[in-house]
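Residues in the sequence shown are numbered consecutively from 2, following the numbering used here.
In what follows, a structure is listed as structure tokens, so that the remarks can point back to it.
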Amino acid sequence: MKNANLRYRGTASRLSLLMLSGLGLAVCSAVLHAEPIDGADTAFVNGRVYTVNAANDVVEAIAFKDGIVVAVGSDASILSQVSSATRVIDLQGKTVMPGLIDAHMHPAGGGDQLTACSLHYESLTIDEILARISACLAQDEGADSADWLRVPAWFRQATKPDGADLSTAVLDRVQTDRPVAVLASDFHTLAANRAAMAAAGITRDTPNPSGGEIVRDEQGNPTGIFLDAAMWLVLGAEPELSPQEQATTTLANVGAALREINSQGVTTIFSAGSGEVDLAAFRTLQEAGDLTVRGVFAIVFSPEEAADPAAAVASIRRHAAEFGVPGTATTPGITIDRAKIFVDGVIQGPAQTGAMIEPYLHNTGTPEHPHWVPSGQSGSLYYDQAMITAMLDALVADGLTAHLHTDGDAAVHIALNAVEEVRGRYNSPAFRPGFAHNEIVSPADYARFAQLDVVPVLSFQWGKPAPDTIETVQPFIGPERFRYLETAGKFAQAGARVAFGSDWPVDALAEWSAMQIAVTRENSHATATAYQGRLGDDPGLDVATAIRAFTINAAYSLNLEDRIGSLEPGKYADLIVIDRDLTAIPPDQIGQTRVLLTIVGGKEVYRAPGYE
Numbered sequence: 002m003k004n005a006n007l008r009y010r011g012t013a014s015r016l017s018l019l020m021l022s023g024l025g026l027a028v029c030s031a032v033l034h035a036e037p038i039d040g041a042d043t044a045f046v047n048g049r050v051y052t053v054n055a056a057n058d059v060v061e062a063i064a065f066k067d068g069i070v071v072a073v074g075s076d077a078s079i080l081s082q083v084s085s086a087t088r089v090i091d092l093q094g095k096t097v098m099p100g101l102i103d104a105h106m107h108p109a110g111g112g113d114q115l116t117a118c119s120l121h122y123e124s125l126t127i128d129e130i131l132a133r134i135s136a137c138l139a140q141d142e143g144a145d146s147a148d149w150l151r152v153p154a155w156f157r158q159a160t161k162p163d164g165a166d167l168s169t170a171v172l173d174r175v176q177t178d179r180p181v182a183v184l185a186s187d188f189h190t191l192a193a194n195r196a197a198m199a200a201a202g203i204t205r206d207t208p209n210p211s212g213g214e215i216v217r218d219e220q221g222n223p224t225g226i227f228l229d230a231a232m233w234l235v236l237g238a239e240p241e242l243s244p245q246e247q248a249t250t251t252l253a254n255v256g257a258a259l260r261e262i263n264s265q266g267v268t269t270i271f272s273a274g275s276g277e278v279d280l281a282a283f284r285t286l287q288e289a290g291d292l293t294v295r296g297v298f299a300i301v302f303s304p305e306e307a308a309d310p311a312a313a314v315a316s317i318r319r320h321a322a323e324f325g326v327p328g329t330a331t332t333p334g335i336t337i338d339r340a341k342i343f344v345d346g347v348i349q350g351p352a353q354t355g356a357m358i359e360p361y362l363h364n365t366g367t368p369e370h371p372h373w374v375p376s377g378q379s380g381s382l383y384y385d386q387a388m389i390t391a392m393l394d395a396l397v398a399d400g401l402t403a404h405l406h407t408d409g410d411a412a413v414h415i416a417l418n419a420v421e422e423v424r425g426r427y428n429s430p431a432f433r434p435g436f437a438h439n440e441i442v443s444p445a446d447y448a449r450f451a452q453l454d455v456v457p458v459l460s461f462q463w464g465k466p467a468p469d470t471i472e473t474v475q476p477f478i479g480p481e482r483f484r485y486l487e488t489a490g491k492f493a494q495a496g497a498r499v500a501f502g503s504d505w506p507v508d509a510l511a512e513w514s515a516m517q518i519a520v521t522r523e524n525s526h527a528t529a530t531a532y533q534g535r536l537g538d539d540p541g542l543d544v545a546t547a548i549r550a551f552t553i554n555a556a557y558s559l560n561l562e563d564r565i566g567s568l569e570p571g572k573y574a575d576l577i578v579i580d581r582d583l584t585a586i587p588p589d590q591i592g593q594t595r596v597l598l599t600i601v602g603g604k605e606v607y608r609a610p611g612y613e
């Protein structure tokens with residue numbers, strides 16, 4: 002989508018100050034600007050502007066020029082200084098805030114799921130899953146037997162009834178000779194049919210790869226479930242598209258992703274692991290003037306690749322030289338400046354690859370009379386502390402940074418140890434490692450995030466009662482550890498700078514629902530009694546802190562807080578207009594927020610249907 006110039010509603014002349022008097026808004030009355038604003042090309046007035054500055058000031062108006070904010074303040078102060086050439090837009094009481102910054106997502110994968118044969122994250126029975134797959138196959142009757150069908154967004158933990166799961170035997174009930182691979186929504190599990198297994202050459206003698214597991218039955222035969230790095234043993238057998246086909250498909254996927262991203266009010270993204278094809282698609286859009294978000298990208302390194310930290314650093318620099326583009330206020334750029342490291346897997350059963358300090362529990366009793374005892378299994382550490390430290394050393398020495406997947410409390414702990422060791426050797430304020438997910442954290446480690454300037458990047462939508470917290474985690478960790486499951490408020494109480502990352506397409510992209518859950522910790526769609534009420538004893542975030550997690554804190558995690566994340570003079574005019582005042586509504590209505598307008602560098606990139 003081309004960046005379009007803004008289509009403005011209202012008058013281009015100054016609004017009557019009399020009309021604007023007596024609004025009674027609790028706002029900052031001063032005008033905050035760095036220079037005279039006579040040259041402002043645009044001003045928004047008669048609204049509520051969340052600046053998200055250090056004082057969380059709320060003002061009535063904002064003016065910007067050439068994609069840069071030049072002033073925020075009262076209507077009177079802004080209108081008294083703009084020129085006759087300034088386009089003045091009457092917000093009619095609507096709310097303006099900084100554009101959202103999603104500090105952990107996978108945009109190309111998200112775009113792929115918008116048009117794929119998706120299970121849409123729904124809680125489905127085995128028969129319903131097989132019916133969906135059969136329907137997709139029927140719609141593609143002309144496909145060759147060698148053509149694979151990938152089926153994403155399988156909500157494995159919510160498969161019905163409880164304990165139901167996919168396997169090769171189950172998938173082979175679908176009448177097809179095509180390879181079928183079903184990807185769980187957590188992107189850590191894959192189920193394959195017999196044709197896919199055969200194409201990949203998977204047998205009982207196939208060894209587990211480093212960083213993954215081929216799940217086997219009691220006889221040692223693969224069940225058809227593949228965890229983490231083992232997924233790529235299967236997917237790697239899928240015939241490659243030609244370079245042109247791959248580029249065309251990825252470009253279409255990224256374009257679809259950008260439209261969805263902008264419609265939710267997101268103006269900057271962090272792609273937590275991108276390959277060259279993905280980066281080339283973003284670069285193509287950027288060169289055509291069609292890139293509608295600012296992008297920061299990480300390069301993923303396996304444990305084997307990280308064994309040579311110097312080569313990893315050189316790889317990041319090579320990708321940055323080939324695909325990176327410096328951005329300006331009005332032109333989003335592409336920044337490639339960090340490594341992505343998967344320290345462990347996921348804590349949810351049945352995978353339980355997230356690394357835990359104490360073992361997971363298992364039931365030695367019956368479902369009716371359970372008796373939970375330590376299982377002896379503590380998940381998987383794909384990197385040890387020495388490997389993480391060596392990687393961080395090399396990155397910091399070269400002016401780069403890192404983003405680490407840390408799911409279980411053991412992974413969090415050793416990664417913090419590695420950061421502490423590296424901090425002792427380098428004074429590098431730009432080194433702000435992001436730790437993604439942190440689904441369970443040891444109580445003593447919360448304070449270390451602030452002490453070590455580590456940013457917890459949390460997917461707030463997980464912090465609610467649901468199958469993936471109640472059924473597949475709570476019983477396996479016990480009541481004490483359950484208190485530290487999917488926390489956000491405890492991080493904030495410990496002084497950590499909490500940021501948000503959706504992890505899309507692990508979940509559907511739903512930024513405002515995630516913000517609501519950060520505050521309420523409730524499942525607004527709960528029907529079963531088990532999913533009602535708040536999750537655990539975490540206090541959640543207040544609304545102001547939640548807003549900062551989606552804006553200035555996320556900007557800080559990406560080393561961009563001097564340019565984006567708040568609406569202050571000198572910063573980029575990345576802003577959105579929304580239909581409600583988040584501070585004046587019940588928190589359980591935040592998820593219903595509607596984005597009316599999304600602006601990146603002063604240019605409109607999204608307008609809601611019907612908003613004029």
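C-beta: ideal position from N, C-alpha, C; glycine also.
Given the structure is predicted, the values throughout are model-derived calculations rather than measurements.
Original post:
How many angstroms separate the CA atom of Thr331 from the CA atom of Gln593?
Top reply: Reading the sequence shown from its first residue, position 330 is the one you call residue 331. Reading the sequence shown from its first residue, position 592 is the one you call residue 593. One C-alpha to the other measures close to 30 Å.
Original post:
Looking at C-beta atoms only, is the number of pairs between the segment 599 to 608 and the segment 568 to 577 that lie closer than 8 Å three or more?
Top reply: yes
**OP:** Determine the extent of the beta strand (DSSP E) in which Asn364 is found, giving its start and end residues.
**Re:** Stepping through the sequence shown from its first residue, residue 364 is reached at position 363. 362 to 364 is the span of the beta strand (DSSP E), which, as asked, contains Asn364.
Original post:
Should Gly112 be listed as close to the ligand FAD, given that the test is whether its C-beta is under 7 Å from any heavy atom?
Top reply: Looking for the ligand FAD in the displayed structure turns up nothing, as the structure carries no ligands at all.
Original post:
In the DSSP assignment, what are the bridge partners of Tyr573?
Top reply: On the sequence shown, residue 573 is found 572 positions in, with the first residue counted as 1. Paired residue(s): Ile69.
**OP:** Have a look at Arg608 and Gln265 and give me their C-alpha separation to the nearest angstrom.
**Re:** In the sequence shown, counting from the first residue as 1, residue 608 sits at position 607. In the sequence shown, counting from the first residue as 1, residue 265 sits at position 264. Taking the straight line joining both Cα atoms gives about 11 Å.
Subject >> Cβ shell of Ala531 (< 6 Å), same chain only, five flanking positions each side left out >> reply: Residue 531 sits at position 530 when you count from the first residue of the sequence shown. Cβ-Cβ distances below 6 Å link Ala531 to Ile471 in the same chain, with the five nearest sequence neighbours on each side left out; the list follows chain order.
**OP:** Note down the Cα distance separating Leu396 from Ala273, rounded to an integer number of angstroms.
**Re:** Position 395 of the sequence shown, counted from the first residue, corresponds to residue 396. Position 272 of the sequence shown, counted from the first residue, corresponds to residue 273. When rounded, the distance between both Cα atoms is 16 Å.
Original post:
What residue does the alpha helix (DSSP H) around Tyr447 start on, and which one ends it?
Top reply: Position 446 of the sequence shown, counted from the first residue, corresponds to residue 447. Segment 447 to 452, the alpha helix (DSSP H) holding Tyr447.
Original post:
Name the DSSP beta bridge partners of Pro99, please?
Top reply: The count along the sequence shown starts at 1 and reaches residue 99 at position 98. Residue pairing of Pro99 in beta bridges, as defined by DSSP: Leu576.
Original post:
Which stretch, first to last residue, makes up the beta strand (DSSP E) that contains Lys161?
Top reply: For this step, residue 161 is matched to residue 160 along the sequence shown. Element bounds for Lys161: n/a, residue is neither H nor E.
Original post:
Are the CB atoms of Ile358 and Phe298 nearer to each other than 8 Å?
Top reply: For the purposes of this step, residue 358 is identified with residue 357 of the sequence shown, where counting begins at 1. For the purposes of this step, residue 298 is identified with residue 297 of the sequence shown, where counting begins at 1. No; because the gap between Cβ atoms is not below 8 Å, this pair is not in contact.
**OP:** Let me know the secondary structure DSSP gives Ala527 once reduced to three states.
**Re:** For the purposes of this step, residue 527 is identified with residue 526 of the sequence shown, where counting begins at 1. Reduced to three states, the DSSP call for Ala527 is coil.
Original post:
Terminal residues of the continuous beta strand (DSSP E) containing Ser303?
Top reply: One-based indexing of the sequence shown puts residue 303 at position 302. Unbroken run through Ser303: none, as it is neither H nor E.
**OP:** Pick helix, strand or coil for Asp173, following the three-state DSSP scheme.
**Re:** Translated into positions along the sequence shown, residue 173 becomes position 172. In the structure shown, Asp173 sits in coil (DSSP, three-state: anything other than H, G, I, E or B).
**OP:** Kindly indicate which residue of Asp538, Arg498, Arg484, Phe551 has the alpha-carbon position closest to the one of Ala515.
**Re:** Translated into the one-based positions of the sequence shown, residue 515 becomes position 514. Comparing alpha-carbon positions, the option among Asp538, Arg498, Arg484, Phe551 lying closest to Ala515 turns out to be Phe551.
Original post:
If you drop the 5 nearest sequence neighbours on each side, which residues of the same chain put their C-beta closer than 7 Å to that of Val171?
Top reply: Taking the first residue of the sequence shown as position 1, residue 171 is located at position 170. Only Ile127 meet the Cβ criterion.
**OP:** Excluding the 5 residues preceding and the 5 following Thr224 in the sequence, name in chain order all residues of the same chain whose CB lies nearer than 7 Å to its CB.
**Re:** As a working mapping, residue 224 is identified with position 223 in the sequence shown. Cβ neighbours of Thr224 beyond the five flanking positions: Ser168, Thr169, Val216, Arg217, Asp218.
**OP:** Rounded to whole angstroms, what's the CA-CA distance from Gln353 to Leu382? Just pull it up for me.
**Re:** Taking the first residue of the sequence shown as position 1, residue 353 is located at position 352. Taking the first residue of the sequence shown as position 1, residue 382 is located at position 381. One C-alpha to the other measures close to 11 Å.
Original post:
Is it true that the CB of Phe45 sits closer than 8 Å to the CB of Ile63?
Top reply: Position 62 of the sequence shown, counted from the start, is the residue given in the question as residue 63. Position 44 of the sequence shown, counted from the start, is the residue given in the question as residue 45. Cβ distance < 8 Å, so Ile63 and Phe45 count as in contact.
Subject >> Close Cβ partners of Ser146 (< 7 Å) along its chain, the five nearest in sequence each way excluded >> reply: Residue numbering aside, residue 146 sits at position 145 when the sequence shown is read from its first letter. Cβ neighbours of Ser146 beyond the five flanking positions: Asp178, Arg179.
Subject >> Neighbourhood of Glu487 by C-beta distance below 7 Å, restricted to the same chain and skipping five residues each side >> reply: Start at 1 with the first residue of the sequence shown, and residue 487 comes out as number 486. Excluding residues within five positions, the ones whose Cβ falls inside 7 Å are Glu440, Trp463, Gly464, Thr470, Leu536.
**OP:** Could you tell me which uninterrupted beta strand (DSSP E) segments, each at least 3 residues in length, are contained entirely in the segment 214 to 277, listed from first to last along the chain?
**Re:** 223 to 229, 267 to 272
Subject >> Bridge partner(s) assigned by DSSP for Trp373 >> reply: As a first step, residue 373 must be located in the sequence shown, where it is residue number 372. Partner(s): Asn364.
Original post:
Touching or not, the segment 251 to 259 and the segment 221 to 241, by the rule of three or more beta carbon pairs under 8 Å?
Top reply: no
Subject >> Extent of the continuous alpha helix (DSSP H) to which Lys465 belongs >> reply: Indexing the sequence shown from 1 puts residue 465 at position 464. Counting along the chain, Lys465 falls outside any alpha helix (DSSP H), and DSSP gives it neither H nor E.
Subject >> Segments assigned beta strand (DSSP E), at least 3 residues, entirely inside the segment 125 to 211 >> reply: 150 to 155, 181 to 185, 190 to 193
Subject >> Residue from Trp155, Thr207, Ala556 with nearest C-alpha to Arg133 >> reply: In the sequence shown, residue 133 corresponds to position 132, counting from 1. The candidate whose alpha carbon is nearest that of Arg133 is Trp155.
Subject >> Which of helix, strand or coil DSSP assigns to Thr473 >> reply: Here residue 473 corresponds to residue number 472 of the sequence shown, with the count starting at 1. Here Thr473 sits in coil by DSSP.
Original post:
Can you round the beta-carbon distance between Ile335 and Leu401 to whole angstroms, since I take them to be within the 8 Å contact cut?
Top reply: Against the sequence shown, residue 335 aligns to sequence position 334. Against the sequence shown, residue 401 aligns to sequence position 400. 15 Å between Cβ atoms; not a contact.
Original post:
Does the distance from the C-beta atom of Gly490 to that of Ala104 stay below 8 Å?
Top reply: The residue labelled residue 490 in the question sits at position 489 within the sequence shown. The residue labelled residue 104 in the question sits at position 103 within the sequence shown. No, the Cβ-Cβ distance between Gly490 and Ala104 is not below 8 Å.
Original post:
Three-state secondary structure (DSSP) at Leu597?
Top reply: In the sequence shown, counting from the first residue as 1, residue 597 sits at position 596. Residue state, collapsed to three classes: strand.
**OP:** Using three-state DSSP, classify Arg484 as helix, strand or coil.
**Re:** What you label residue 484 is simply residue 483 of the sequence shown in a count that begins at 1. When secondary structure is reduced to three states using DSSP, Arg484 falls in the coil class, being assigned neither helix nor strand.
Original post:
When you compare only the Cα positions, how much space is there between Thr329 and Gly48?
Top reply: As a first step, residue 329 is located in the sequence shown; it is residue number 328 there, counting from the start. As a first step, residue 48 is located in the sequence shown; it is residue number 47 there, counting from the start. If I take the Cα positions, the gap works out to 27 Å.
Original post:
When we look at the beta-carbon of Glu569 and count the other beta-carbons within 10 Å, is it buried (16 or more) or exposed?
Top reply: Here residue 569 corresponds to residue number 568 of the sequence shown, with the count starting at 1. Buried, by the Cβ-count rule.
Subject >> Residues near Pro540 in its chain [Cβ-Cβ closer than 6 Å; skip 5 each side] >> reply: For the purposes of this step, residue 540 is identified with residue 539 of the sequence shown, where counting begins at 1. Result list for Pro540: Gly490, in chain order.
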